[in-house]
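J.: Protein chains in written order, with the working numbering: chain A, 21 to 308; chain B, 21 to 308. Even glycine gets a Cβ: it sits at the ideal position worked out from N, Cα and C. This is the structure, below, for whatever I ask next.
There are 2 protein chains.
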Amino acid sequence: MPDPALLSINTATVRQQWGLADIIAGLARHNIRGISPWRDQVAQLGLKESARRIRDAGLKVTGLCRGGMFPAPDSKLRRAALDDNRRAVDEALTLEAACLVLVAGGLPRQPDGTIVSKDIGGAREMVRDGIGELLDYARSSGMPLAIEPLHPMYAADRACINTMQQANDLIDELAGKGKSEGIGIAVDVYHVWWDPELKAQIERAANASPSRLLAFHLCDWLVPTTDLLLDRGMMGDGVIDLPRIRSWMEACGYGGMHEVEIFSQDNWWKRDGDEVLLTCKLRHETAC
Amino acid sequence: MPDPALLSINTATVRQQWGLADIIAGLARHNIRGISPWRDQVAQLGLKESARRIRDAGLKVTGLCRGGMFPAPDSKLRRAALDDNRRAVDEALTLEAACLVLVAGGLPRQPDGTIVSKDIGGAREMVRDGIGELLDYARSSGMPLAIEPLHPMYAADRACINTMQQANDLIDELAGKGKSEGIGIAVDVYHVWWDPELKAQIERAANASPSRLLAFHLCDWLVPTTDLLLDRGMMGDGVIDLPRIRSWMEACGYGGMHEVEIFSQDNWWKRDGDEVLLTCKLRHETAC
């Protein structure tokens, strides 16, 4: 059974019920020790006020969601994305986050959302170049970047980094083979549970210097899944072998928190926030 | 531009409009030279009658859909799956199909659909064992088996073989490293387009002896995709770089047909069958 003190809640899990101030209060009320906020919620409450409330509640910030979204059709838009990522690093520092989570971005789009190229290889080069530039800034600031490989079903529109192997290869390229100064991986079971290379790539990430395992995100894969984005399951309600994946993480030295991140428009987002948090606590103990 | 004579139609593409007899007549009417029927449609028309009509129309059968679905909770159910797969081999022979397409199956289920295990590694072992047993029968019958890696979003409920690398590894295990007697791969762009290893694994498959590239399936990935199963796009309407993937296939010697397979409950399944076939012909020439 996992240590209940390791539970962290990604604020997306109750974002339809509560603003960030309510979430912080809710976590304190339920004696949950970790939080991972989204930038839009932080902006709404105010960065300094958010940092103050999180600190006052004694919460550990397991990550800030999110930077990334590097591919764009022209250099001006790519520059704007990079500027925004630098601001995200700054915000993560103010919040004393353990890492800035990066969702790479998919195929390059116009600001109106129109995809302008089908060249996913080219998009991946833009991601490499974007993270490479951001890494200099993040290292000088002391804020680790956590690349989150996203499920292949998001390759076109959210992230063209889709497997642990790809993330490890990319970090090898950016930081040196087997190295990882200032950069690592956020392992979200929803995105990687299916991968036959998962165990080997977790081990590869752990064996880098330092370990690339910067975050561990939990939820479950429902059968059937009715929406590509907003139908994630509560731990135990789906088919992911969560104890097994956690055992792989911990066997190679991961000792960080377990962050629950559930987008669920038809179920958990419709329930009372306290019920959701209590269920997260229970399922963390019984299904992870 | 691809040779129009290489177009084949998977009968699922117009299955809501027409039965198999109508589809065969439609393909003849539009001078389309290939077909890939589904077993339920064949059963409805009758196996011998299906074979006769397909032969009379001069159609090449690019594959029979489908065998597979190997994982099951107990040996009796696994045996039943294997028996059904042997029948599928026999049907493919009667239809003079180029291959029997195998969709591996996901996590083991009870006959009522209940998933009984989260052990995807174990499911993959059942697939390996099932295909291994079927391979003996298929080889003696002279019917090639084509493993179709399915998109990772189907790992739980349809197929736990999810990448070209995995299919190649499995065939190495079953037929010998770099060998492929009686077994190969059906490359469906919908399932594999996102994979950073795609080009390398197509080449690996082609370099086996004989080539493992037994079939090539076309459609497109829509953004947004509104349903995990039934929202495939017509070629050109999505984000897959079809000419590039075709060029990879053909550069390493694939000379087979291009089979269009579109499940589209809200669009193409609602249109007139002739319009769908004409659009397939047009898009095959302009978008592939």
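Compute the distance between the beta-carbons of N182 (chain A) and Q221 (chain A), then report whether it is under 7 Å.
T.: no
J.: How many whole angstroms separate the CB atoms of A225 (chain A) and V121 (chain A), which I take to be in contact at a CB cut-off of 8 Å?
T.: So it is not a contact: roughly 15 Å between Cβ atoms.
J.: Output yes if chain B places a C-beta closer than 7 Å to the C-beta of W268 (chain A); else output no.
T.: Taking 7 Å as the threshold, the shortest C-beta distance from W268 (chain A) to chain B does not fall below it.
J.: Does the beta-carbon of A100 (chain B) have 16 or more other beta-carbons within 10 angstroms, so that it is buried, or is it exposed?
T.: exposed
J.: Determine which residues of the region 49-69 of chain B have a Cβ less than 7 Å from any Cβ of chain A, and write them out in chain order.
T.: none
J.: Report the neighbours of D261 (chain B) on chain A: residues whose CB is nearer than 8 Å to its CB, in chain order.
T.: K138, D139, I140
J.: Could you give the distance in angstroms between the alpha-carbon of P24 (chain B) and the alpha-carbon of A166 (chain A)?
T.: For P24 (chain B) and A166 (chain A), the distance between alpha carbons rounds to 47 Å.
J.: Measure the alpha-carbon distance for S95 (chain A) versus M89 (chain A) and round it to whole angstroms.
T.: 14 Å
J.: Suppose the cutoff is 6 Å on Cβ atoms and the five residues either side in sequence are ignored; what does the same chain contact list for P172 (chain A) look like?
T.: N182
J.: Just the C-alpha distance for I282 (chain B) and A235 (chain B), rounded to the nearest angstrom, thanks.
T.: 15 Å
J.: State the beta-bridge partners of N30 (chain B) as determined by DSSP.
T.: B:S56
J.: With C-beta atoms as the reference, is R38 (chain A) less than 7 Å away from G293 (chain A)?
T.: For clarity, residue 38 (chain A) is Trp in the given sequence; the question names Arg instead. For W38 (chain A) and G293 (chain A), yes; Cβs fall inside 7 Å.
J.: Between the alpha carbons of V34 (chain B) and W58 (chain B), how many angstroms are there, rounded?
T.: A straight line joining the alpha-carbon of V34 (chain B) with that of W58 (chain B) spans about 11 Å.
J.: How big is the Cα-Cα spacing for K68 (chain A) and D251 (chain A)?
T.: 33 Å
J.: Would you list, in chain order, the members of the region 164-186 of chain A that have their beta-carbon closer than 7 Å to a beta-carbon of chain B?
T.: H171, P172, M173, A175, A176, D177, N182, Q186
J.: Just tell me which of B:G258, B:S231, B:N227, B:L249 has its CA closest to the CA of L242 (chain B).
T.: B:G258
J.: Near G198 (chain A), which residues of its chain fall below 8 Å by C-beta distance, leaving aside the five closest residues on each side in sequence?
T.: D192, N227, A228, S229
J.: Among A:S231, A:P91, A:A32, which has the Cα closest to the Cα of D149 (chain A)?
T.: A:P91
J.: Take every Cβ of the region 131-148 of chain B, pair it with every Cβ of the region 102-115 of chain B, and state whether three or more of those distances are shorter than 8 Å.
T.: no
J.: If I follow the unbroken beta strand (DSSP E) through H237 (chain A), where does it start and stop?
T.: In this chain, the beta strand (DSSP E) harbouring H237 (chain A) covers 233-238.
J.: Consult DSSP for S323 (chain B) and reduce its assignment to one of helix, strand or coil.
T.: Chain B is shown from 21 up to 308; residue 323 (chain B) falls before or after that span and cannot be answered.
J.: DSSP on H278 (chain A), reduced to helix/strand/coil?
T.: strand
J.: Name the residue from B:V280, B:C239, B:S161, B:V212 whose alpha carbon lies nearest to the alpha carbon of I203 (chain B).
T.: The alpha carbon of I203 (chain B) has as its nearest neighbour, out of B:V280, B:C239, B:S161, B:V212, the alpha carbon of B:S161.
J.: Report the option in B:L170, B:D76, B:D177, B:M184 whose CA atom is closest to the CA atom of R232 (chain B).
T.: Of all alpha-carbon atoms in B:L170, B:D76, B:D177, B:M184, the one lying nearest the alpha-carbon of R232 (chain B) is that of B:M184.
J.: I'd like to confirm the pairing. Which residues does DSSP put opposite D215 (chain B) in its beta bridges?
T.: The partner list for D215 (chain B) (beta bridge, DSSP) is empty, contrary to what the question assumes.
J.: Around the Cβ of M269 (chain B), are there at least 16 other Cβ atoms within 10 angstroms (buried) or fewer (exposed)?
T.: By the 10 Å Cβ count, M269 (chain B) comes out buried.
J.: Taking 7 Å as the CB-CB cut-off, is I265 (chain A) touching chain B?
T.: no
J.: Just how far apart, CA to CA, sit Q64 (chain A) and R86 (chain A)?
T.: 15 Å
J.: Identify the contact partners of T245 (chain B) in chain A, using a Cβ-Cβ distance below 8 Å as the criterion.
T.: For T245 (chain B), the chain A residues whose Cβ falls inside 8 Å of its Cβ are M173, L248, in order along the chain.
J.: Are the C-beta of I282 (chain A) and some C-beta of chain B separated by less than 7 Å?
T.: Judged by the 7 Å Cβ criterion, I282 (chain A) is not in contact with chain B.
J.: Could you give the first and the last residue of the continuous alpha helix (DSSP H) run that contains I205 (chain B)?
T.: Premise fails: I205 (chain B) lies in the beta strand (DSSP E), 203-208, not in any alpha helix (DSSP H).
J.: Which residue marks the beginning of the beta strand (DSSP E) containing R35 (chain A), and which one marks its end?
T.: Taken as a continuous stretch (DSSP letters only), R35 (chain A) belongs to no beta strand (DSSP E), as it is neither H nor E.
J.: Taking Cβ-Cβ distances shorter than 7 Å, what residues in chain B pair up with L122 (chain A)?
T.: The premise fails here: L122 (chain A) is roughly 17 Å from chain B at the closest Cβ pair, so nothing lies under 7 Å.
J.: Going by the CB atoms, is the gap between M277 (chain B) and L102 (chain B) shorter than 7 Å?
T.: For L102 (chain B) and M277 (chain B), no; Cβs fall outside 7 Å.
J.: Please state if the CB of L170 (chain A) and the CB of R3 (chain A) are separated by a distance shorter than 7 Å.
T.: Given that chain A is displayed from residue 21 to residue 308, the structure contains no residue 3 (chain A) and the question cannot be resolved.
J.: DSSP three-state call for G133 (chain A): helix, strand or coil?
T.: coil
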